[in-house]
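For reference, the structure discussed in these notes is given below.
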Amino acid sequence: MRAVQITRFGGPEVLDVVDLPDPVPGDGEQLYEVSAAGINYADTHQTENSYLAQQQLPLIPGTEFVGTPAGGGPRVVGLAPAGGYAEKVVAPSRFTWEVPDGVSDEQALALVIQGATAWHMLRTSTHMQPGESVVVIAGAGGVGSLAIQLAKHWGAGRVIATASSPEKRALTEELGADASVDPALADDDPKTFTAALREANDGHRVDVVLEMTGGHVFDGSLSALAPFGRIVAYGMAGRVPPKPVNPTSLMGTSRAVIGFWLAHCMARPEMMDAAMNELLPMVAEGVLKPVGGGRYPLSAVREAHQDLLSRRTTGKLVLDPSR
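Written as structure tokens, this is what we have:
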């Protein structure tokens with residue numbers, strides 16, 4: 060089978076398309092013919108070995124796929140431990156969900172990691188309540204574009220998105236954001252970014268922030284929180300850690316900092332079911348509209364990663380293993 064393999068760590072240049080033997084399923088696993096594989100920002104950390112979990116070489120990156128069981132069966136979207144960037148993958152049957160008619164491969168792939176992340180950050184981590192204000196950092200991205208829609212659907216009082224270009228900020232408002240802010244305001248001084256978030260919230264502090272950049276963006280977002288406000292850190296796309304958080308400052312402001320990693324939901328399969336069993340019907344019914352970011356041939360995987368790292372993309376990126 061054709062697959063993308065990493066034999067050394069680095070940037071997009073370490074992604075090589077090679078021919079490998081078909082994977083062999085173990086106990087509880089099934090072999091699937093892949094029609095599309097999902098690309099996530101975490102995959103760029105995986106290629107660098109800079110993610111939360113240590114990586115072992117050689118490695119086929121990618122964890123999400125849409126495909127059918129070898130030998131026939133319904134189309135499913137699923138999670139594999141690794142190996143998604145390939146024509147074939149093995150995955151536990153427990154971590155697959157049948158894709159409803161009318162839901163495309165790209166739409167299904169947008170849900171299994173990014174949609175489940177948005178769902179759990181709003182439902183499980185922050186317990187967002189109707190009427191609360193929600194800030195979505197990187198609102199034009201895969202997680203952010205879905206989080207905006209979910210927050211509005213679940214009754215958020217005001218949704219504020221950040222995005223790095225006028226076009227992306229316009230997209231976030233088309234998705235339902237009430238206002239949008241340029242995150243570059245945080246580059247020189249987090250206080251400027253804090254002020255912009257408060258201005259976008261009619262002068263008030265904000266209740267919930269979903270944050271995946273780190274650095275000054277995290278610092279400015281934390282400062283914008285209202286008493287009993289919650290910020291969820293689920294990424295560090297800027298590759299710069301924020302300042303350490305002082306517990307005393309949290310006590311004095313009644314604010315909360317929460318970390319989120321979807322892997323902990325995967326360790327409790329019922330948590331993944333809760334998200335997927337709500338999200339897939341929402342897409343089928345047209346209530347939730349994942350944003351497609353582009354379908355790349357497997358042979359163009361380096362270009363896909365470079366586009367993602369350069370912030371040239373919006374929504375969900377996928378690989379087509381047939382090309």
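Convert by adding 59 to the 1-based position in the sequence shown; the result is the number in this note's numbering. Built from N, CA and C at the ideal position, the CB exists for glycine as well. Being a predicted model, the structure only gives us computed values, none of them experimental.
Just to confirm the assignment, what range does the alpha helix (DSSP H) spanning residue i have?
i: Gln89; result: Gln89 -> not in any alpha helix (DSSP H); beta strand (DSSP E) instead, spanning Glu88 to Ile98.
i: Asp266; result: No alpha helix (DSSP H) holds Asp266; the beta strand (DSSP E) holding it covers Val265 to Glu270.
i: Leu33; result: Shown here, the chain extends from 60 to 382; a query on residue 33 therefore has no answer.
i: Phe50; result: Outside the modelled stretch of the chain, which goes from 60 to 382, sits residue 50, for which no answer is possible.
What does the Cβ neighbour count give for residue i, buried or exposed, with the cut at 16 atoms within 10 Å?
i: Ala215; result: buried
i: Thr103; result: buried
i: Ala112; result: exposed
i: Gln115; result: exposed
i: Thr231; result: buried
i: Lys302; result: exposed
i: Val77; result: exposed
Taking the alpha carbon of residue i as the point to measure from, which residue in the options has its own alpha carbon closest?
i: Asn336; options: Glu72, His364, Asp379 and Gly137; result: Gly137
i: Pro189; options: Leu209, Val195, Val202 and Ala199; result: Leu209
i: Ser239; options: Thr251, Met310, Val218 and Phe287; result: Val218
i: Thr373; options: Ala95, Gly87, Asp160 and Glu165; result: Glu165
i: Pro84; options: Ala96, Gly203 and Ala139; result: Ala139
i: His179; options: Glu329, Ser358, Glu146 and Lys348; result: Glu329
i: Pro71; options: Gly201, Ser280 and His364; result: His364
i: Asp160; options: Val63, Gly345, Gly201 and Asp86; result: Gly345
i: Ser282; options: Gln64, Leu256 and Thr272; result: Leu256
Between which two residues does the beta strand (DSSP E) holding residue i run?
i: Gly147; result: Here the sequence assigns Lys to residue 147, which means Gly is not the residue at that position. Per DSSP, Lys147 belongs to the beta strand (DSSP E) from Lys147 to Pro151.
i: Val240; result: Ala238 to Val240
i: Leu376; result: Lys375 to Asp379
i: Pro128; result: Glu123 to Pro128
i: Val193; result: Ser192 to Val195
Kindly indicate which three-state DSSP category residue i falls into: helix, strand or coil?
i: Gly181; result: The residue you asked about is not Gly; residue 181 is Leu in the sequence shown. If DSSP states are grouped into helix, strand and coil, Leu181 belongs with the helices.
i: Ile219; result: strand
i: Gly351; result: strand
i: His78; result: Looking at the sequence itself, residue 78 is Asp, so the reference to His does not match. Strand at Asp78.
i: Val280; result: What sits at residue 280 in the sequence shown is Ser, not Val. The answer is helix: DSSP assigns Ser280 an H, G or I state.
i: Arg61; result: strand
i: Ser204; result: helix
i: Val135; result: strand
i: Pro159; result: coil
i: Phe287; result: strand
i: Val83; result: coil
i: Gly69; result: coil
Could you check whether the Cβ of residue i sits closer than 7 angstroms to any heavy atom belonging to the ligand SAM?
i: Val158; result: With respect to the ligand SAM, the structure offers nothing, as it holds no ligand at all.
### Task
Output the residue ranges of the beta strand (DSSP E) runs that lie fully inside the segment 289–329 and measure 3 residues or longer, sorted by chain position.
315–318
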